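For the sequence shown, the residue numbers in mature numbering (1 follows the signal peptide of the UniProt record, and there is no 0) are -21 to -1, 1 to 290. From the three backbone atoms N, C-alpha and C, an ideal C-beta is built for every residue, glycine too. All figures in this text were calculated on a predicted structure; none of them were measured in a lab.
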Amino acid sequence: MRMKRVAAVAMMASLALSAAACGKEGEPTPSAGGSASGGAQSDTCQASGATFTPKTDAAVAGSPTFEKIKTAGKVSVGVKFDQPNLGYKDAQGKRCGFDIEIAQYVASTLGIDPAKIEYKEIASANRETAIKGGEVDYYVGTYSITDKRKNDISFAGPYFVAGQDLLVRKDETSITGKDSLKGKKVCSATGSTPIQKIRDEGLTEANNIVEFKTYSECVSQLLDKKVDAVTTDDAILKGYAAQSPTELKVVGQPFSTEKYGIGLPKDDKALRDYVNNQIEASFGNGTWQKIYDGTLGKSGSAGTPPTLERY
């Protein structure tokens, strides 16, 4: 089992990944090989069980994007493909995860069957360009809402609020948050914002900071007891914990704030207002909770809908 994990990580380490989550370097890659039993990581993903029935009366007056979608009879959505239980494409080519199901839910509210979604794997650095150029109708993929990005596009949401946290082994009791990292080996992606925060704030000694190109390599080091913790956005960490629920856990004491939104064309206010309404409806009718519980919730970490912010 351990050999399968190491072989999988070796394979994934060859992937060149540039920017993750909220624009950080060192995007995670899904683990391959193994099974879901005994805590081993699996590359076979499963849906939450939420159903997304297309609205028959969907209408968004004044939205050119909606008219484009309606005419085409399909929707083009930008996504991530390598974030376990967030935006993930498994070995069978199946897409699933929290972000994928949020994208499917939004499509259904626009009157589009999720089976007719045209998924486009857009790198983090190219997201604004893809939205502005009409390559995608909207983007769902650990996309942090920032004032700088609002200069180019607009956001609906947030549909999830993440924060930098710590992934540790299930039996770890001495690491309870960022202030308990002294003397502990902490791993993250090379050049990433999370590891820089660990360094800048002196949360552990310089010789205890470990960096790899991908988060998957850090997770392998954690499972092999070569490091004590992995750090990045808790949404990503929950994805890894959901793959190995008997071996890993998220500490649950975030020490930053990242608000994930759905990226939309900048001047399509009608669509932004509509999608905001649909996100808010999912908070109240239990859809959001069912999606979370069946994806990121498999990590053992509870989640609740955030407060929607309109602008």
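- Boundaries of the alpha helix (DSSP H) harbouring K269: 266 to 272, taken from the DSSP string.
- Residue environment analysis places G242 among the buried positions, since at least 16 neighbouring C-beta atoms fall within 10 angstroms of its C-beta.
- At the C-beta level, G120 and V54 stay beyond 8 Å of one another.
- E107 counts as buried, since at least 16 other C-beta atoms from the protein chains shown sit within 10 angstroms of its C-beta.
- For K95, the closest alpha carbon among the candidates Q83, A102, I101 is that of Q83.
- Ranked by Cα distance from D116, the options N264, V254, T283 are led by V254.
- Less than 8 Å divides the Cβ of D207 from the Cβ of V165.
- In this structure, the straight-line span from the alpha carbon of G170 to that of E190 is close to 8 Å.
- Note that the C-beta distance between S167 and G231 is not below 8 Å.
- Listed in chain order, the non-local C-beta contacts of L182 below 6 Å within the same chain comprise K157, L160, local neighbours out to five positions each way being set aside.
- DSSP places V198 in the uninterrupted alpha helix (DSSP H) bounded by 194 to 202.
- The residue among P224, Q175, E259 with its C-alpha nearest the C-alpha of K277 is P224.
- The Cβ atoms of L65 and A214 sit closer than 8 Å to each other.
- Apart from sequence neighbours up to five positions away, the residues of its chain that approach I258 with a beta-carbon distance below 7 Å are A135, G136, Y138, L287, ordered along the chain.
- CA-CA distance, P244 to E151, rounds to 45 Å.
- With fewer than 16 other Cβ atoms from the protein chains shown falling within 10 Å of its own Cβ, A185 counts as exposed.
- In this chain, R289 is not harboured by any alpha helix (DSSP H), its DSSP state being neither H nor E.
- A contact between stretches requires three or more CB pairs, one per stretch, nearer than 8 Å, and the stretch 69 to 83 meets this requirement with the stretch 22 to 31.
- The continuous beta strand (DSSP E) containing K99 extends over residues 96 to 100.
- V54: member of the beta strand (DSSP E) spanning 54 to 58, first to last residue.
- D212 places its beta carbon 8 Å or farther from that of E196.
- For C166, the beta-bridge partners assigned by DSSP are V189, V209.
- A straight-line Cα-Cα distance of about 10 Å links N256 and L250.
- Checking the DSSP bridge columns, you'll see A141 partnered with E237.
- Taken in chain order, the complete alpha helix (DSSP H) segments of 4 or more residues contained in the stretch 110 to 159 are 126 to 129.
- For K68, the enclosing beta strand (DSSP E) stretches over residues 66 to 68.
- With fewer than 16 other CB atoms across the displayed protein chains lying within 10 angstroms of its CB, E97 is exposed.
- Under the three-state reduction of DSSP, P244 is assigned to strand.
- When secondary structure is reduced to three states using DSSP, V230 falls in the coil class, being assigned neither helix nor strand.
- When E100, D126, I101, I132 are compared, the shortest CA-CA separation from D246 is found for I132.
- Pairing L146 with Y219 gives a Cβ-Cβ distance under 8 Å.
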